[in-house]
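Peer 1:
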Amino acid sequence: MTISRRDFLKIGGASCIVAGAGAALAGCSPAGGSSDVPLADTGDTALVGYAPVNFTEEADILIIGSGYAGLAAAMAPALAGKKIIIAEKQQQIGGDSATSCCFMFAAGTELQQAAGNPLTVDEYWETIKENQTAGWEQYDWFPEWVKGKTYANTHFVDSAINDFGAKFQEPCTEAELPRLFGSVILPGDGIGSGGPNILQPIASKLKELGVDTKCDLRATALIKDPEGTVIGCRFEDTTSGKITDIKAAATVLATGGFADNGEMVQEHLPEWANYGQMVHGCMGEGHKLAAAAGAQMVGMDSSFTYCNLMGDIPNCTTWGYWTPVVLVLPNGKRFIEEAQSHDAAQAAIDAGYRQWWSIFDQRAFEARAIAHSVEGNIKSHEDVYVKADTIEELAAGMDVPVDTLVATFARYDELVASGEDADFGKKAWLESLQPPYHALKLNVSRYKTSGGVMVGPNNQVLDTADAEIPGLYAAGAVTLQSFASVSTCMATGYYVGETLAAL
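Going by the UniProt record's numbering, the residue at position 3 of the sequence shown is 3; the numbering climbs one at a time, nothing skipped.
1. Reducing DSSP to helix, strand and coil, say where P226 ends up.
2. So, with DSSP's three-state summary, where would you put T239?
3. For Y124 and G182, I'd like the C-alpha separation in whole angstroms.
4. By Cβ distance below 6 Å, which residues in the same chain neighbour residue 570 in space, the five residues on each side in sequence not counted?
5. Starting from the Cα of W136, find the closest Cα among A502, L480 and M490 and give me that residue.
6. Which residues does DSSP pair with G276 in a beta bridge?
7. For K129, which three-state DSSP category applies?
8. Using only the alpha-carbon positions, how far apart do A502 and G228 sit?
9. Can you tell me whether K224 is buried or exposed, with buried defined as 16 or more other CB within 10 angstroms of its CB?
10. Quick one: what's got a C-beta closer than 7 Å to T492's C-beta in the same chain, skipping five residues either side?
11. Please name the residue in C489, F235 and M300 whose C-alpha comes closest to that of F258.
12. For D350, does the three-state DSSP call read helix, strand or coil?
13. What residue range does the alpha helix (DSSP H) around Y50 cover?
14. Buried or exposed for Q169, please, with buried defined as at least 16 other CB atoms from any protein chain shown within 10 angstroms of its CB.
15. What does DSSP give as the partner residue(s) for T150 in the beta ladder?
16. Tell me which same chain residues have a C-beta within less than 7 Å of the C-beta of M454, skipping the five on either side of it?
17. With a 10 Å radius around its C-beta and 16 neighbouring C-beta atoms as the bar for buried, classify S418 as buried or exposed.
18. Can you name the residues that DSSP bridges to V298?
19. Quick one: what does DSSP say S358 is sitting in, helix, strand or coil?
20. I need the boundaries of the beta strand (DSSP E) containing D212, first residue and last residue.
21. Taking the Cβ atom as the reference point for each residue, do G311 and S358 lie within a distance shorter than 9 Å?
22. Where does the unbroken alpha helix (DSSP H) through Q340 begin, and where does it stop?
23. Buried or exposed, going by whether 16 or more other CB atoms sit within 10 Å of the CB of T426?
24. Mind checking which residues open and close the beta strand (DSSP E) that includes I391?
25. Kindly indicate which residue of K333, E174 and K205 has the alpha-carbon position closest to the one of G165.
26. With distances taken Cα to Cα, identify the nearest neighbour of G95 among T127, Q266, V211 and C282.
27. Can you tell me whether H155 is helix, strand or coil according to DSSP?
28. Find out if the Cβ-Cβ distance for the pair Y321, K448 is shorter than 9 Å.
29. Under three-state DSSP, which class holds Y139?
30. Which residues mark the beginning and the end of the alpha helix (DSSP H) in which G286 is found?
31. Pull up the distance between the alpha-carbon of N274 and that of K82, whole angstroms please.
32. Counting along the chain, where does the beta strand (DSSP E) carrying P470 start and finish?
33. So, does the stretch 336–353 touch the stretch 390–407, judging by three or more C-beta pairs under 8 Å?
34. Near G190, what residues of its chain come up, given a Cβ to Cβ distance below 7 Å and the 5 sequence neighbours on each side ignored?
35. Mind checking whether D212 and I85 have CB atoms under 9 Å apart?
36. Whole beta strand (DSSP E) runs in the stretch 75–107 with 3 or more residues, listed along the chain?
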């Protein structure tokens, strides 16, 4: 849409810019100004270092971030014919979602029902609604909101397949996935293949539908009108430094978490400050932009149980769901029940270590849910990969005490023979490993930061008084209610999109 000079004088000249990110983010600090000053009038006066607002582009919906939440937010509005701009700070779409395991939960999807799982989303909602709404009694709208998010998760999967050409595997059987077989769905090539199977098909179809995706644009400030409605965002080109202001009736923050922002980690998760970062780019820009716009920030520290550390080979940490795996510390001892994924890093820390080994056998290469991931991660991590025909040779290659590892496997085999893991309570895949043995070493890394903005009944961001901030929406890991899970990032994104498509 072409914006006339009269329109610019009317809108740009009367609007204000929210100085959202401050000096903590590159390209956001006002030259000679102060990040403590929240507003810069772009009429007759101006905050030093900020150019007047100059809207050069306009859309119905502006989505900041192109991961699963951002793309999901565009799907329903694009099908409804809305004009959409997606702004991504990295050189290509996907954000941190591009490296996700893409371990997804869903219920009542056409995919699952076609595979013989008769559970409907209505039935699923009835089983979870009490648990999912507990603790939120202060918000009378919350039960209806979380119901909408639950249904949006199902709608996302169905639309991704039917309307956008995404590819998913046929759901796992109980024999393949003993613990969670009825609820898990995976991208077409299994764990870790969400990029080519989900992200890229959705992005391609969005382009066909007229969605304009712009990469190398870092959001630096939200723009409000004098009444407090968010009417767009200011961006800086990450290569040229050029400033661009984009106007929109609705602006959606889908900017991810803040695990890669050392300053924010030090402030909110200081116990994580000295651990490495697994993915790069989750800088918390959306958190800062929203806070400057008056949003309330909640659940930012580790007391919120969905924050967690991870191994730096994220796919590998999930393999124990699908195949026999033995996890050992650098001292050669088992330390955790292996048929899970998210607790190993913290368990290693609790035992006094920052590393652990995942040991598996040929069955990992044959399990369709993880085979692609196993091959790929071995090739990309050859420096921490060991293969051996005996436990003694394996221990030598891993540089762990030989006698200890031999004793660990002897004890594990005793537990298998007894049919009960008396040490750690493992039930699924309590089976002995067979030679040749394979091992990968993992390092404790920062992973999910949960917490951020609250969204209200219409998916708009709430301010510190629990009132909705007009024009500002949010989805994914920047929101408290997503819990930084890939499924709920998709669900909250699609739910925002359903809201905006109906406007």
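Glycine residues also receive a C-beta, built at the ideal position from the N, C-alpha and C atoms.
As the structure is a prediction and not an experimental result, all values here were calculated from the model.
Peer 2: This is what the structure holds:
1. coil
2. coil
3. 11 Å
4. In the structure as shown, the chain begins at 1 and stops at 503. Residue 570 is therefore absent and cannot be evaluated.
5. L480
6. S445
7. helix
8. 23 Å
9. buried
10. A69, K149, A475, G476, T479, Q481 and S482
11. M300
12. helix
13. No alpha helix (DSSP H) contains Y50, which DSSP labels as neither H nor E.
14. buried
15. Answer is none; T150 lacks a bridge partner.
16. Q296, V298, L462 and L480
17. exposed
18. G452
19. strand
20. D212 to K214
21. yes
22. Where Q340 is concerned, there is no enclosing alpha helix (DSSP H), given that its DSSP letter is neither H nor E.
23. It should be noted that the sequence gives Lys, not Thr, for residue 426. By the 10 Å Cβ count, K426 comes out buried.
24. Segment I391 to M398 is the alpha helix (DSSP H) holding I391; no beta strand (DSSP E) there.
25. K205
26. C282
27. helix
28. no
29. coil
30. E285 to A292
31. 45 Å
32. E468 to A474
33. no
34. Q169, R368, A369, I370, A371, H372 and S373
35. yes
36. 84–87
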